[in-house]
Amino acid sequence: SNAAFWLVAGAVASEKGLKVTGIKKDSIQGDKKIADILKQMGADIKIDKNDVSVKKSVLRAIETDAGDIPDLVPVLCVAASCAHGTTVIKNISRLREKESDRIKTTADMITALGGKIEAFENEMHITGAPLTGGTVDGAGDHRIVMSAAAASFAASGNVKILGANAAEKSYPAFFDDYRKVECEK
């Protein structure tokens, strides 16, 4: 599921492409749907045996059900912020019971970065608008922190993440890997 942050970063910002290795196509992890969702949005994705490559492309809004993939919602909102039109993500009420109230913290993150989002009890509407940068409160939630970092590649200004060390919960080397990624700004 940690590949989702890099795939979104590549889809929204990498002209030359970004390759994520070590992906198991036969994984039962629901979050592997990120590649299919990004492809549905128009991302330039190529899936090999154990690798997924993605390049920046024109993304378009979609409607999707997050009932089986709630952990993808924050980073999907980043992709949706960079898409043309209004993306609707349904079946999200479970997000209130994660490390943070992810409905609120995701909406706060996108808003802090200059994006347009409306959060409701069981769905979000994200309208594509340029991300400008800003300060994001990680709220002690690793997925909010890593989503904000993915958004930083697409933002026109700097992104500051308060409590960035929360990424260590699921991906201790996240910011080491972040420094290695080359995405255009």
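Residues 1249 to 1433 in my numbering are what the sequence shown spells out, letter by letter.
The beta carbon of each residue, even a glycine, is placed where N, CA and C say it ideally should be.
Proximity of V1393 and A1412 at Cβ, strictly below 9 Å:
yes
If we count Cβ pairs, one from each stretch, closer than 8 Å, do we get three or more for the stretch 1344–1356 versus the stretch 1302–1316?
no
Considering only residues of the same chain and omitting the five flanking positions on each side of A1414, which have a CB-CB separation below 7 Å?
G1386, G1388, D1389, H1390, V1393
Any idea what DSSP makes of V1336, helix, strand or coil?
strand
May I ask you to verify whether the stretch 1293–1304 touches the stretch 1343–1350, counting CB pairs closer than 8 Å and requiring at least 3?
no
Put E1416 into one of helix, strand or coil per three-state DSSP.
helix
Could you compute how far the alpha carbon of I1337 sits from the alpha carbon of D1424?
31 Å
Between which two residues does the beta strand (DSSP E) harbouring M1357 extend?
From DSSP, M1357 is part of no beta strand (DSSP E) but of the alpha helix (DSSP H) over 1350–1360.
Is it buried or exposed, R1427, if we count other Cβ atoms within 10 angstroms and call 16 or more buried?
exposed
Pull up the distance between the alpha-carbon of A1402 and that of L1361, whole angstroms please.
10 Å
Cβ-based neighbour list, K1408, same chain, cut-off 8 Å, excluding 5 preceding and 5 following
G1382, T1383, V1384
Rounded straight-line distance, which links the Cα of L1266 to that of K1297:
16 Å
Cβ-based neighbour list, G1314, same chain, cut-off 6 Å, excluding 5 preceding and 5 following
Position check: residue 1314 holds Ala in this sequence, whereas Gly was assumed. Excluding positions up to five away in sequence, the list reads V1321, I1337, N1339, I1340.
Any idea what DSSP makes of G1258, helix, strand or coil?
helix
Top-ranked residue by Cα proximity to S1329, from S1400, K1417, N1406, S1249
S1400
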